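Participant: Going line by line, the protein sequences match chains S and R.
According to my numbering, the first sequence is numbered sequentially starting from 206.
According to my numbering, the second sequence is numbered sequentially starting from 206.
Even for Gly, the Cβ is constructed at its ideal location relative to N, Cα and C.
Source: prediction; values computed, not measured.
Handing you this structure, nothing more for now.
Number of protein chains: 2
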Amino acid sequence: MTTTTDQLEQVMAAAAAAAPVWARSTAAERASWLRAAADALDAAADELVPIADRETRLGETRLRGEVGRTTGQLRLFASVVEEGSYLEIIVDDADATAVPPRPELRRMLVPVGPVAVFSASNFPFAFSVAGGDTASALASGAPVVVKAHSGHPELSRRTAEIVAAALEAAGAPAGSLQLVEGREAGNALVQHPAIKAAGFTGSLSGGRALFDLASGRPDPIPFYGELGSVNPVVVTPAAVAARGAELAAGLTGSFTLGVGQFCTKPGVVFVPADAGFEASVAALVPGTTGGPLLTDRITAAFPDGIAHLEADPSVEVIANGTAPDGGAAPIVLATDAAAVTARPETLLEECFGPVTLLVRYSSEDELNAALRVVPGSLTATLHSEPGDDVTGILELLQARAGRVLFAGWPTGVAVTWSQQHGGPWPATTSLHTSVGATAIRRFLRPVAYQSAPQHLLPAPLRDEALPSLPHRRNNTLHLP
Amino acid sequence: MTTTTDQLEQVMAAAAAAAPVWARSTAAERASWLRAAADALDAAADELVPIADRETRLGETRLRGEVGRTTGQLRLFASVVEEGSYLEIIVDDADATAVPPRPELRRMLVPVGPVAVFSASNFPFAFSVAGGDTASALASGAPVVVKAHSGHPELSRRTAEIVAAALEAAGAPAGSLQLVEGREAGNALVQHPAIKAAGFTGSLSGGRALFDLASGRPDPIPFYGELGSVNPVVVTPAAVAARGAELAAGLTGSFTLGVGQFCTKPGVVFVPADAGFEASVAALVPGTTGGPLLTDRITAAFPDGIAHLEADPSVEVIANGTAPDGGAAPIVLATDAAAVTARPETLLEECFGPVTLLVRYSSEDELNAALRVVPGSLTATLHSEPGDDVTGILELLQARAGRVLFAGWPTGVAVTWSQQHGGPWPATTSLHTSVGATAIRRFLRPVAYQSAPQHLLPAPLRDEALPSLPHRRNNTLHLP
């Protein structure tokens, strides 16, 4: 069901018509629309989960959990809209004594306009039609046009129908959430004059192509892409000595979780040579079971990615798990830090699926040299002990990641105010997160109103509204 | 004095070496460095202003004022660094009762790394070597490499020497502020792997070329460009009736200020046909005096731009001012709303210099149709009376501007917390301001620290620091 050019124009006209209604909507209206979407999705879980399972093979337990994550996300953004700090309100009263005299200026953030969302294969709910990009865009006050992922077309259609109907029933305008399908429609979408920003979660090649289209427009738009991440992990010798078995079990659980199909999967793990950690991992992995991958393309790419790594003379296979018929079996490879430093393009490319690469290092210098060639990542994890001096390692990890973990594993991504899901290129194309409350900033731009009569100001900037909203006035912050 | 490839590599190595020192610097250090730069510039004003006047012909009064604006800007950013809200600190404590359990997460903004600044011709101090882009980048914790504007090379060199020496004397590392010269060096700068973001103020064509280079990198970087703006003004019939003479005087003063060389010059003014406003302007302009333009290129482009407008059959000249030998004389042109609606590419292109285009409208429908084709602008100004229903006009103006004025004229841009100097393309390439305190956000990215031991956290995120910094903890905002 490819969207035709004519259909796309109809979709864009509806989105453009909905945009001013969303922009004008009150916080209470917008929050109620988001909650209506969440309620409708929760109510439809019994219908949607089996469709999702058939199309993605992710299993009912995981998918039911993901519905909850998705509706929780919509409700979080409803509360973000109500709380109002996202408006970044700043008021400077007129100052006749300044040189030159200063007029009154009141600033807040307003929605950029219709947003395109390119959904992901690996989270058919939480990073898809009604996922985080959509929730944050709607919360900002923008209608959304989603490009359905080809990996779950039926789920995308039903989700869009359910959410669009719920939004309209709650009072939102027609055209608030719409779906397009097909690669050509996606390319046209990101170039359409009515689209003012785009969110994307997917591959480096696909994301780069869309980023180039967005940047190449006569009027370039921001393209918030999450493209690829190897999520480096560093384990110190002291950590292996103190809790090697626990760390090996943690790593094994993390890189095989969801059949290795998380953006935050630990893809490259720097381990001390000869500290026995490798043996602990090798002992555990044969007991792991893989499974079917999300799509035929990912299924085909997985052995190719492993073959690409194995072609490097430094790489050896140290452990294999098992898999049911046609599924992907977990696999652990190993190389050394010198090889990574010499050939990062080969050895540090993201490989989607249940595979991780151990990188043996013999000295901190060798480790640091290899860390310097690690590309930007969503996460970086350090397992060390209190006696370790990790200052240098930490500086290198922080410079290339958006989230730095000191315990645990990166595959859990809480949807909170504090979350940062984004990092230097190619992890993301932007200086913002795509998960958590502050993701809303991506779809907003500041507008300042100079010497405006009160009744012509947007409601949140009026004197009567300020006491109930976090704001700055004449250099001082105020809370409700 | 074109920077060679070898020299650029030395510059970039020094910037890269300075970056971690800036990133680690405390708020007190960074603020003292910014103030040292401001003090040194103030102390050198007597030397710098004559150089600036010789190179830009802007006159001593304006240039002395601009030095004050520039050093005030550096000191504002010192206070922004000390205040700390720009760090956007968010702490979520661990929650074992959440499903799934949530680890502790502490988020703040950190500098992106070395920043390239392309300085402007029309503000040789305030948007140049030590101008707003540089001040906000240094404040964020990033070393800066400035591409000097060819219009004031000697001033650029001396300013860079003075500021770099002051920074170093105050304790900042070598390489904190450096200068490169020449178009080729500028192109290489924005593509250099060590540069992580760029700021630019200049022309649409020059800015677009650099934006394309920044976006086309193997690792694209954010390019914050301010490219061009026609700054629409709407005058209602009631406003003309109530204060036509005052408005005509205000417009005449604004479009001729600084010989029309402000980014916020009112370039297109929608006026009621037959309300007499045009005659008021035509009566005043012959009494105005222009002057020399900033550079030979701008001098040559000014008559070309006017000729381009005059070539449109709808355009007529309604008034001319005078100018000393070789200077640009103020000129007012007029057309009608239907022509603008039909040929926006011709009639709504920014023309730098003392020229403005009156656009006659006979109905609100005609006005609205023309407003819909106005490109993104830094400002939009409405002069109306309390009895006017301006809802529709306002919605159109706000959709295409970063600052909406209800009185006065857009040429004054206060450097404050509330300022927004930026707007939809082509006004700027970004969802941020380039003037005022919040400009700092452009050079920062979020990093979240998960389950970090206190001593390994960046200082602002430690428990001991939080009480003195604005922050959010477990959904609640706290002020010092």
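Between which two residues does the alpha helix (DSSP H) carrying residue 278 of chain S extend?
Facilitator: Residue 278 of chain S -> alpha helix (DSSP H) spans 265 to 288.
Participant: Give a yes or no on whether 9 Å exceeds the smallest Cβ distance from residue 467 of chain S to chain R.
Facilitator: Cβ-Cβ to chain R under 9 Å: no for residue 467 of chain S.
Participant: Looking at chain S, which residues of the stretch 536 to 569 of chain R have a Cβ within less than 9 Å of any of its Cβ atoms?
Facilitator: So nothing in the stretch comes that close.
Participant: What does residue 623 of chain S reach in chain C if we use C-beta pairs closer than 7 Å?
Facilitator: In the displayed structure, chain C is absent; the protein chains listed are S and R.
Participant: Rounded to whole angstroms, what's the CA-CA distance from residue 276 of chain R to residue 243 of chain R? Just pull it up for me.
Facilitator: Going by the C-alpha atoms only, they are around 5 Å apart.
Participant: What residues are listed by DSSP as bridge partners for residue 313 of chain R?
Facilitator: Partner(s): R/652.
Participant: Any beta carbon from chain S within less than 9 Å of residue 278 of chain R's own beta carbon?
Facilitator: No, no contact with chain S.
Participant: Could you name the residues of chain R that residue 680 of chain S contacts, counting a contact when the two beta carbons are closer than 7 Å?
Facilitator: Neighbours of residue 680 of chain S on chain R, chain order: 622.
Participant: Could you pull out every residue in the same chain whose Cβ sits closer than 6 Å to the Cβ of residue 590 of chain R, ignoring the five residues on either side in sequence?
Facilitator: Closer than 6 Å at the Cβ level, and outside the excluded window around residue 590 of chain R, lie 443, 444, 447.
Participant: How far does the alpha helix (DSSP H) with residue 436 of chain S in it extend, from its first residue to its last?
Facilitator: Segment: none, residue 436 of chain S is in no alpha helix (DSSP H) and carries neither H nor E.
Participant: The alpha helix (DSSP H) with residue 345 of chain R in it runs from where to where?
Facilitator: Run containing residue 345 of chain R: 337 to 345, per the alpha helix (DSSP H) assignment.
Participant: Could you give the residue range of the alpha helix (DSSP H) that holds residue 395 of chain S?
Facilitator: 388 to 396 is the extent of the alpha helix (DSSP H) around residue 395 of chain S.
Participant: Could you check how far apart the C-beta atoms of residue 382 of chain R and residue 365 of chain R are, in whole angstroms? I think they sit under 8 Å.
Facilitator: With 8 Å as the limit, residue 382 of chain R and residue 365 of chain R qualify as a contact, their Cβ atoms being about 6 Å apart.
Participant: Is the stretch 528 to 541 of chain R touching the stretch 491 to 508 of chain R, taking contact as three or more C-beta pairs under 8 Å?
Facilitator: Verdict: yes, contact present.
Participant: Starting from residue 362 of chain R, trace the alpha helix (DSSP H) both ways and give me its first and last residue.
Facilitator: From DSSP, the alpha helix (DSSP H) with residue 362 of chain R extends over 358 to 374.
Participant: Grouping DSSP H, G and I as helix and E and B as strand, with all else coil, what is residue 582 of chain R?
Facilitator: In this structure, residue 582 of chain R counts as strand in the three-state DSSP scheme.
Participant: Please name the residue in S/640, S/302, S/477, S/635 whose C-alpha comes closest to that of residue 624 of chain S.
Facilitator: Residue S/640 is the option with its Cα nearest to residue 624 of chain S.
Participant: Taking Cβ positions, are residue 584 of chain R and residue 436 of chain R nearer each other than 9 Å?
Facilitator: In this structure, residue 436 of chain R lies closer than 9 Å to residue 584 of chain R by Cβ.
Participant: If distances are taken between C-alpha atoms only, which option among S/347, S/225, S/323 comes closest to residue 336 of chain S?
Facilitator: Selected option, being the one with the closest Cα: S/323.
Participant: Are the beta-carbon atoms belonging to residue 645 of chain S and residue 291 of chain S less than 9 Å from one another?
Facilitator: Yes, the pair counts as a contact, with Cβ atoms nearer than the cut-off.
Participant: Taking the Cβ atom as the reference point for each residue, do residue 558 of chain R and residue 433 of chain R lie within a distance shorter than 9 Å?
Facilitator: No, the pair does not count as a contact, with Cβ atoms beyond the cut-off.
Participant: Going by DSSP, what residue range makes up the alpha helix (DSSP H) through residue 565 of chain S?
Facilitator: Where residue 565 of chain S is concerned, there is no enclosing alpha helix (DSSP H), although the beta strand (DSSP E) it sits in stretches over 560 to 566.
Participant: Cβ of residue 609 of chain S within 9 Å of Cβ of residue 575 of chain S?
Facilitator: It is not a contact, given that the beta carbons lie outside the stated cut-off.
Participant: Which two residues bound the contiguous alpha helix (DSSP H) that contains residue 537 of chain R?
Facilitator: Looking at the DSSP string, residue 537 of chain R is not in any alpha helix (DSSP H); the run it does join, the beta strand (DSSP E), is 536 to 541.
Participant: Is there at least one Cβ from chain R nearer than 9 Å to residue 303 of chain S's Cβ?
Facilitator: Closer than 9 Å to some Cβ of chain R, the Cβ of residue 303 of chain S qualifies, so yes.
Participant: Buried or exposed: residue 302 of chain S, going by 16 or more other Cβ atoms within 10 Å of its Cβ?
Facilitator: Exposed: under 16 other Cβ atoms inside 10 Å.
Participant: Counting C-beta neighbours from all protein chains within 10 Å, is the total for residue 592 of chain R 16 or more, i.e. buried, or is it exposed?
Facilitator: Residue 592 of chain R should be labelled exposed.
Participant: First and last residue of the beta strand (DSSP E) that includes residue 681 of chain R?
Facilitator: Note, residue 681 of chain R: beta strand (DSSP E), 681 to 683.
Participant: How would you list, in chain order, the residues of chain R whose beta-carbon sits under 8 Å from the beta-carbon of residue 251 of chain S?
Facilitator: Neighbours of residue 251 of chain S on chain R: none; closest Cβ ~20 Å, over 8 Å.
Participant: Here's a check: name, in chain order, each residue in its chain whose Cβ is nearer than 7 Å to the Cβ of residue 412 of chain S, leaving out the five neighbours to either side.
Facilitator: Cβ within range, chain order: 405, 430, 432.
Participant: Does any CB atom of chain R fall closer than 9 Å to the CB of residue 424 of chain S?
Facilitator: With 9 Å as the cut-off, residue 424 of chain S counts as an interface residue toward chain R.
Participant: Using the Cβ count rule (16 or more neighbours within 10 Å means buried), how would you classify residue 327 of chain R?
Facilitator: Answer is buried; the Cβ neighbour count reaches 16.
Participant: CB residue 310 of chain S to CB residue 654 of chain S, shorter than 9 Å?
Facilitator: Yes. Within cutoff.
Participant: Which residues in the same chain as residue 670 of chain R place their Cβ atom closer than 7 Å to its Cβ, once the five residues preceding and following it in sequence are excluded?
Facilitator: Excluding sequence neighbours, residue 670 of chain R sits near 664.
Participant: Taking C-beta to C-beta, are residue 542 of chain R and residue 572 of chain R nearer than 9 Å?
Facilitator: For residue 542 of chain R and residue 572 of chain R, yes; Cβs fall inside 9 Å.
Participant: Are residue 642 of chain S and residue 285 of chain S close, meaning C-beta to C-beta below 9 Å?
Facilitator: Yes, the Cβ-Cβ distance between residue 642 of chain S and residue 285 of chain S is below 9 Å.
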